[in-house]
Amino acid sequence: MDKRIYNLIGLARLRLRLQRVMEGVVTGLIASCLVWMVLLVLYKTHWLAADAMWSWAAGGVVFPAIGLVWAFLHRIEHSDVAMALDTTNGLKGRLTSAYCFLELPPDERTPFMEAAIRESEGHLDGVRVAPSSPFAIPRDALAFVLVGAALGLVLVFRPPVVQGTLPPIVDPVVDVKPAFDDDQVDIEREKWQELREELAKSEDAEAQALAGEMDELFDKLDQKKLDKEKFLTEVDEIQNKFFEDKDDGWKPLLEELKKVSDEVEKNKHTEDLAKALESGDLDKVAEELNKLADKIDKGEISDRDLEAMARKLEKMASKFEDESGRLDKMLKDKEEELEALRKKLEAKKEGMSDKERKRLSRLERDLKKLRKKSSAFGKSGKKRALKRLSKATKEGSKMARSVKKRGKGAAKGKEGREQAQKDFKQNMGQASKELKNMDKQVKTGQSMDKAQAQINDMKEQIRRQGQQGEQQVASRDQFNQKASGQQPKPGQPQGAQPQSGQPKPGAQSEQKPGQANGNKASQKPGQANGSKSGQKGGEKGDKPGSSGGSAPGDKDGEGQDGMKGGQADGETKGKGIGEGEGDRKLGDATGLKDKKFEDKKVEGKMDGEAPVKSEVILSAASKGFATQGYKDVFVEYKDVAEEVLESEEVPPGYQFYVRRYFDMIRPRGDGE
Numbered sequence: 000m001d002k003r004i005y006n007l008i009g010l011a012r013l014r015l016r017l018q019r020v021m022e023g024v025v026t027g028l029i030a031s032c033l034v035w036m037v038l039l040v041l042y043k044t045h046w047l048a049a050d051a052m053w054s055w056a057a058g059g060v061v062f063p064a065i066g067l068v069w070a071f072l073h074r075i076e077h078s079d080v081a082m083a084l085d086t087t088n089g090l091k092g093r094l095t096s097a098y099c100f101l102e103l104p105p106d107e108r109t110p111f112m113e114a115a116i117r118e119s120e121g122h123l124d125g126v127r128v129a130p131s132s133p134f135a136i137p138r139d140a141l142a143f144v145l146v147g148a149a150l151g152l153v154l155v156f157r158p159p160v161v162q163g164t165l166p167p168i169v170d171p172v173v174d175v176k177p178a179f180d181d182d183q184v185d186i187e188r189e190k191w192q193e194l195r196e197e198l199a200k201s202e203d204a205e206a207q208a209l210a211g212e213m214d215e216l217f218d219k220l221d222q223k224k225l226d227k228e229k230f231l232t233e234v235d236e237i238q239n240k241f242f243e244d245k246d247d248g249w250k251p252l253l254e255e256l257k258k259v260s261d262e263v264e265k266n267k268h269t270e271d272l273a274k275a276l277e278s279g280d281l282d283k284v285a286e287e288l289n290k291l292a293d294k295i296d297k298g299e300i301s302d303r304d305l306e307a308m309a310r311k312l313e314k315m316a317s318k319f320e321d322e323s324g325r326l327d328k329m330l331k332d333k334e335e336e337l338e339a340l341r342k343k344l345e346a347k348k349e350g351m352s353d354k355e356r357k358r359l360s361r362l363e364r365d366l367k368k369l370r371k372k373s374s375a376f377g378k379s380g381k382k383r384a385l386k387r388l389s390k391a392t393k394e395g396s397k398m399a400r401s402v403k404k405r406g407k408g409a410a411k412g413k414e415g416r417e418q419a420q421k422d423f424k425q426n427m428g429q430a431s432k433e434l435k436n437m438d439k440q441v442k443t444g445q446s447m448d449k450a451q452a453q454i455n456d457m458k459e460q461i462r463r464q465g466q467q468g469e470q471q472v473a474s475r476d477q478f479n480q481k482a483s484g485q486q487p488k489p490g491q492p493q494g495a496q497p498q499s500g501q502p503k504p505g506a507q508s509e510q511k512p513g514q515a516n517g518n519k520a521s522q523k524p525g526q527a528n529g530s531k532s533g534q535k536g537g538e539k540g541d542k543p544g545s546s547g548g549s550a551p552g553d554k555d556g557e558g559q560d561g562m563k564g565g566q567a568d569g570e571t572k573g574k575g576i577g578e579g580e581g582d583r584k585l586g587d588a589t590g591l592k593d594k595k596f597e598d599k600k601v602e603g604k605m606d607g608e609a610p611v612k613s614e615v616i617l618s619a620a621s622k623g624f625a626t627q628g629y630k631d632v633f634v635e636y637k638d639v640a641e642e643v644l645e646s647e648e649v650p651p652g653y654q655f656y657v658r659r660y661f662d663m664i665r666p667r668g669d670g671e
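Residue numbering for the sequence shown follows numbering that gives the first Met the number 0, beginning at 0 and increasing consecutively.
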């Protein structure tokens, strides 16, 4: 019977919890409707995008969920439910007393308690649960209806919008002075694009990573995000990351290959091999080795030439062995030297100065790098390639000398010769393969070196550049325009050119540019026979530079040189550059006025030949650096300059200026 009491209390308790759930959900929905209404207003007044509105609206569902959780977590006491049942059913506490007695263990109940339980059970048939736990409209229902109605109105109608514009959002202005101006960035980016193409061909992951970081650096320079300090910080990070432990083992290898070239250059069959060794082109060396092996295999080399070539190959092989050992010894000696110096400094560790401590720290870093490079060289293909070359050349020498034994035991001699040819070709093929692989590493290393040199040059520009005045900026802009083959803009300073209304240097005040010297009526004192000297330049085909300061369009070779030739001491009114200072003598009067000359017009001859390099270079002064002819000449001269710089024939202090000079005179545009 006690189960009936528990069931009645449990049913009433469940009804009370459901009522609380409705209360919590309705309260949560009110909060959600308020949020949705605000979001709709913001969206319809264009303060909020649709995507953002839906994102926030989805978050509004959390409020009903919170109300639901609150309803389930709220505790409802069983005794309170029993008391509610007693009150609504007129049981006068019987059900509450019976529930409390039932909660006690049976052995602790008294006969009075048992009697009270039995007495309450007699009244259970008439107990009604609904009055004690009625389902009612949630207390916040009215508020929910009002908020829902407001939400519906906002959904249907557009809220009033105040016409007008908000003040623009202005980012805080940071006065950043770019590390480079636009022209400098263009120069450096153009140089970098050439290197970028070289690095793109490399399969080296480090080279690809360098290319990516350099691209980012130039993008920041284009966007003017880097001042001098930030630029130097970024390039220092790039240098530490990519150039601190850079593998330069290919450099001594190229030097050794060039040294052995003189051993084979005097033989007609190996002179191409010598040229390839001298140039340091490992791919070409591999190609020449294969050609040499094919010639020997096909019997295209005479016995006498084979004998001579054998001696050359023997010397070459011994030199390869010597150089391979020398590289190992050089690294080992340097390592021992650094180790001894490190121990010496450590011995006086207690009394070391700050300078000595820094030196010790630097030595330890250098020693660590050297050991790493020494180990890498021993394991790398560079040393292995030298061994392959040494072995291949030895086999070639052995095979070449085997021809002298053909007369004794022809069958055996022929068999030995064929085996030697086979071994020689096999070893040459292996050596060629090693060299081709190493050629990729060398080209990657050379490109990395060029990138490092460019970074160093850019840092040097930052260090050397100072504040430029307006005149310097105008002169630089004018130079860049002329270099591109453009005419200066109207009103732009013309540098050293005379101002409007002033005579040109060396020309008479009343003579117009382009006026023929033969017009005697317009000639002034000091101009007589002036065309006679100028004619000389015209007769020689107007060689670039011969007309001096003449303007474009001058006739009959008229120019500054011609004027000077016809000027008598004190007769001229116009003054040339650097002339006319006080009563300074300009020299003796010319004797040409006593001579008689006749003007002649010489027709040029088209023989199909292109202008010589000197003419192309001189014409760049007027045409700019945008012609295809100038571009071809520039590339040739720049390659020579790079070779000289790489060979360290130019002092370090001047290398920066040499590179900057070639940057300034670089070809502009696509060429014509």
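Note that CB positions come from ideal geometry on N, CA and C, so glycine has one too. Remember, predicted model here, so these are calculated numbers, not experimental data.
Return the first residue and the last residue of the alpha helix (DSSP H) that S278 is part of. E270 to S278
In three-state DSSP terms, what is A135? Correct three-state label for A135: coil.
Ends of the alpha helix (DSSP H) at P130? Per DSSP, P130 belongs to no alpha helix (DSSP H) and is neither H nor E.
Closest to E243 by CA distance: which of E205, Q183, E215 and A273 is it? E205
Sub-8 Å separation of L28 and F143 beta-carbons: yes
Tell me which residue opens and which closes the alpha helix (DSSP H) that Q222 is part of. Counting along the chain, Q222 falls outside any alpha helix (DSSP H), and DSSP gives it neither H nor E.
Write down the C-beta distance between F62 and S31 rounded to the nearest angstrom, noting that I regard them as a contact closer than 8 Å. 5 Å
Buried or exposed: P130, going by 16 or more other Cβ atoms within 10 Å of its Cβ? By the 10 Å Cβ count, P130 comes out exposed.
Rounded to whole angstroms, what's the CA-CA distance from L7 to P105? Just pull it up for me. Answer to the nearest angstrom: the Cα atoms are 21 Å apart.
Burial state of A51, where buried means 16 or more other Cβ atoms lie within 10 Å: So A51 counts as exposed.
If I measure Cβ to Cβ from P177 and keep anything under 6 Å in the same chain, skipping five residues before and after, which residues do I get? K223
Kindly indicate the opening and closing residues of the alpha helix (DSSP H) around D742. Since the first residue of the chain shown is 0 and the last is 671, residue 742 is not available in this structure.
So, is D181 buried or exposed, given that buried needs 16 or more other C-beta atoms within 10 angstroms? exposed
G9 versus L94 - alpha carbon distance: Each residue's Cα considered, the two are about 13 Å apart.
Is the separation between the beta-carbon of L434 and that of V284 shorter than 8 Å? yes
Span of the alpha helix (DSSP H) holding V68? Annotation for V68: the continuous alpha helix (DSSP H) segment containing it runs V61 to L72.
Pull up the distance between the alpha-carbon of F100 and that of V20, whole angstroms please. A straight-line Cα-Cα distance of about 31 Å links F100 and V20.
Distance between beta carbons of A97 and I116, contact taken as under 8 Å: 5 Å
Taking all protein chains shown into account, decide if E254 is buried (16 or more other Cβ within 10 angstroms of its Cβ) or exposed. It is exposed - the Cβ of E254 has fewer than 16 other Cβ atoms within 10 Å.
What is the rounded straight-line gap between the Cα of V126 and the Cα of T86? 11 Å
Quick one: Cα of E107 to Cα of H77, how far? 21 Å
Buried or exposed for P167, please, with buried defined as at least 16 other CB atoms from any protein chain shown within 10 angstroms of its CB. exposed
Please name the residue in A135, L198 and L154 whose C-alpha comes closest to that of V25. A135
State the Cα-Cα distance for the pair L152 and P137, rounded to the nearest angstrom. Roughly 23 Å between the two C-alpha positions.
Check whether the Cβ atoms of P158 and V40 sit closer than 8 Å, and answer yes or no. yes
In whole angstroms, give me the CA-to-CA distance for Q507 and P666. Confidence at Q507 is low in this model, with a pLDDT of 40, below 50, so its placement is unreliable and the value that follows should be read with caution. One C-alpha to the other measures close to 37 Å.
Going by DSSP in three states, A48 sits in which element: helix, strand or coil? Judged by DSSP in its simplified three-state form, A48 adopts coil rather than helix or strand.
Euclidean distance between Cα positions of R658 and G279: Rounded to the nearest whole angstrom, the CA to CA distance from R658 to G279 is 23 Å.
Relative to the C-alpha of S201, which residue among A64, N436 and V60 is closest? N436
Through-space distance from W69 to K672, alpha-carbon basis: Because the chain in this structure spans residues 0 to 671, residue 672 falls outside the shown range and cannot be described.
I need the boundaries of the alpha helix (DSSP H) containing R195, first residue and last residue. D181 to A199
At the level of alpha carbons, what is the spacing between D353 and A346? 15 Å
For R12 and S132, what's the separation of their Cα atoms in angstroms? Rounded to whole angstroms, the separation of the alpha carbons of S132 and R12 is 8 Å.
Separation of G92 from M82, as counted between CA atoms: 7 Å
Would you identify the three-state DSSP class for V167, choosing helix, strand or coil? Looking at the sequence provided, one finds Pro at residue 167 rather than Val. In the structure shown, P167 sits in coil (DSSP, three-state: anything other than H, G, I, E or B).
Alpha carbon to alpha carbon, how far is K357 from E336? Give it in angstroms, no decimals. 18 Å
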